[in-house]
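*Asks:* Numbers 1 to 321, taken from the UniProt record's numbering, label the letters of the sequence shown in order. My questions all concern the structure below.
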Amino acid sequence: MDRNLAMEVVRVTEMAAIASARLMGRGNKDESDQAAVDAMRRAFDALNIDGTVVIGEGERDEAPMLYIGERVGARTAGAPEVDIALDPLEGTNLCAYGRPGSISVVAMSSHGGLLNAPDTYMEKIAVGPRAKGAIDLTKSPTENLRSIAERMKLYVEDLTVMILDRERHADLIKEVRAAGARVRLIEDGDVAGAIATCFEGSGVDVLMGIGGAPEGVIAAAAIRATGGDMQGRLVPRNQGEIERAKKMGITDIHKIYAAEELARGEVMFAATGVTSGDFLKGVRFFGGGCETHSVVMRSKTGTVRFIQSIHKFDKKPGYAP
Numbered sequence: 001m002d003r004n005l006a007m008e009v010v011r012v013t014e015m016a017a018i019a020s021a022r023l024m025g026r027g028n029k030d031e032s033d034q035a036a037v038d039a040m041r042r043a044f045d046a047l048n049i050d051g052t053v054v055i056g057e058g059e060r061d062e063a064p065m066l067y068i069g070e071r072v073g074a075r076t077a078g079a080p081e082v083d084i085a086l087d088p089l090e091g092t093n094l095c096a097y098g099r100p101g102s103i104s105v106v107a108m109s110s111h112g113g114l115l116n117a118p119d120t121y122m123e124k125i126a127v128g129p130r131a132k133g134a135i136d137l138t139k140s141p142t143e144n145l146r147s148i149a150e151r152m153k154l155y156v157e158d159l160t161v162m163i164l165d166r167e168r169h170a171d172l173i174k175e176v177r178a179a180g181a182r183v184r185l186i187e188d189g190d191v192a193g194a195i196a197t198c199f200e201g202s203g204v205d206v207l208m209g210i211g212g213a214p215e216g217v218i219a220a221a222a223i224r225a226t227g228g229d230m231q232g233r234l235v236p237r238n239q240g241e242i243e244r245a246k247k248m249g250i251t252d253i254h255k256i257y258a259a260e261e262l263a264r265g266e267v268m269f270a271a272t273g274v275t276s277g278d279f280l281k282g283v284r285f286f287g288g289g290c291e292t293h294s295v296v297m298r299s300k301t302g303t304v305r306f307i308q309s310i311h312k313f314d315k316k317p318g319y320a321p
């Protein structure tokens, strides 16, 4: 995977973001998500890769496009074989109701690099580069916060912890508050939350809690590219999910995965803002076009590029809503 490919992947997230942003605030999350899926699938056709979707919109019988196992890309002779984890619209409710933080994301690795995570929950903890090596899922939230604060040369009271606002997190929120850290609750979008820990300007130091396992793999790719740290452990909700995980090759359900195990080898990550959030601005429309704000990262070089683009719909018909 060369650096030119990293820049091309941004076009894929841009198209998905533009398509879904046009439907922002209309209250229909399915419509927004479908628009993003359709646009992203079209964009992949122009990408010179031989790609396999390992984390996508679901199994083949439940997702007509971007399903797990689907082959995407132009697939010309010599095109690199890559595995792809994607979410055309991460934070569907955020987009549908005009709330901040929805993004379009694609992570890419060489073949076999991304964990084929089942559609179940994952307990996660993520931090930025300044706290790398300070986290341990076998320890309590309080112990982790003290370790993170010590590594960052801060007080626990200085830390801001992002947590999904879910009933299952009631005890976690209570403990984090008791430890003295500040809590920032989010409605959706823990991929964006995990990535935000790697950008000091975001004001987010730690992500904690239980979210989707596929989203954990996508976040791990970005965490690796930025030099942050993350751990994840599957939290199946029933025996059926345990059996599905085993069929996907996971033998130890209780294993704690490091970021390097969730996204191995050389990885690339690209995201485009749909609605403005902590580190990406949302799509802004104007007469005849729009403006997008994206980020692209490569683990090989550690380079993080922010890309602000102007799209003219008369010159780029495929981008037009």
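Note that beta-carbon positions come from the ideal geometry of N, C-alpha and C, so glycine has one too. Since this is a predicted model, take the numbers as computed values, not measurements.
Using the rule of at least 16 other Cβ atoms within 10 Å of the residue's Cβ for burial, across every protein chain shown, is F44 buried or exposed?
*Replies:* The residue in question, F44, is buried, as its Cβ has 16 or more Cβ neighbours within 10 Å.
*Asks:* Between the stretch 82-102 and the stretch 210-221, do at least 3 Cβ pairs fall closer than 8 Å?
*Replies:* Yes: at least three Cβ pairs fall under 8 Å.
*Asks:* With C-beta atoms as the reference, is G232 less than 9 Å away from L262?
*Replies:* Yes, Cβ-Cβ distance for G232 and L262 is below 9 Å.
*Asks:* Could you give the residue range of the beta strand (DSSP E) that holds A107?
*Replies:* Here the beta strand (DSSP E) through A107 covers I103 to S110.
*Asks:* Of all the options R264, K255 and T197, which has the alpha carbon lying nearest to the alpha carbon of F279?
*Replies:* For the residues R264, K255 and T197, the minimum Cα distance to F279 belongs to T197.
*Asks:* Could you tell me which residues DSSP puts in a beta bridge with A270?
*Replies:* A270 pairs with V106 and V296.
*Asks:* Out of K312, S309 and V295, point me to the one whose CA is closest to A107's CA.
*Replies:* The residue with the shortest Cα to Cα distance from A107 is V295.
*Asks:* In chain order, what are the residue ranges of uninterrupted alpha helix (DSSP H) at least 4 long that sit wholly in the stretch 212-237?
*Replies:* Complete alpha helix (DSSP H) runs here, min 4: 213-226.
*Asks:* Measure the alpha-carbon distance for K300 versus S32 and round it to whole angstroms.
*Replies:* About 34 Å.
*Asks:* Applying the criterion that 16 or more other CB atoms from any shown protein chain within 10 Å of the CB defines a buried residue, is S140 buried or exposed?
*Replies:* Looking at its Cβ environment, which holds fewer than 16 other Cβ atoms inside 10 Å, S140 is exposed.
*Asks:* Suppose you measure from the CA of F306 to the CA of R166; what does that come to, to the nearest Å?
*Replies:* Approximately 31 Å, taken between the alpha carbons.
*Asks:* According to DSSP, F285 sits in a beta bridge with which residue or residues?
*Replies:* DSSP lists C290 as partners of F285.
*Asks:* Which first and last residues belong to the beta strand (DSSP E) in which residue 322 is found?
*Replies:* Here the chain has residues from 1 to 321 only, and residue 322 is not among them.
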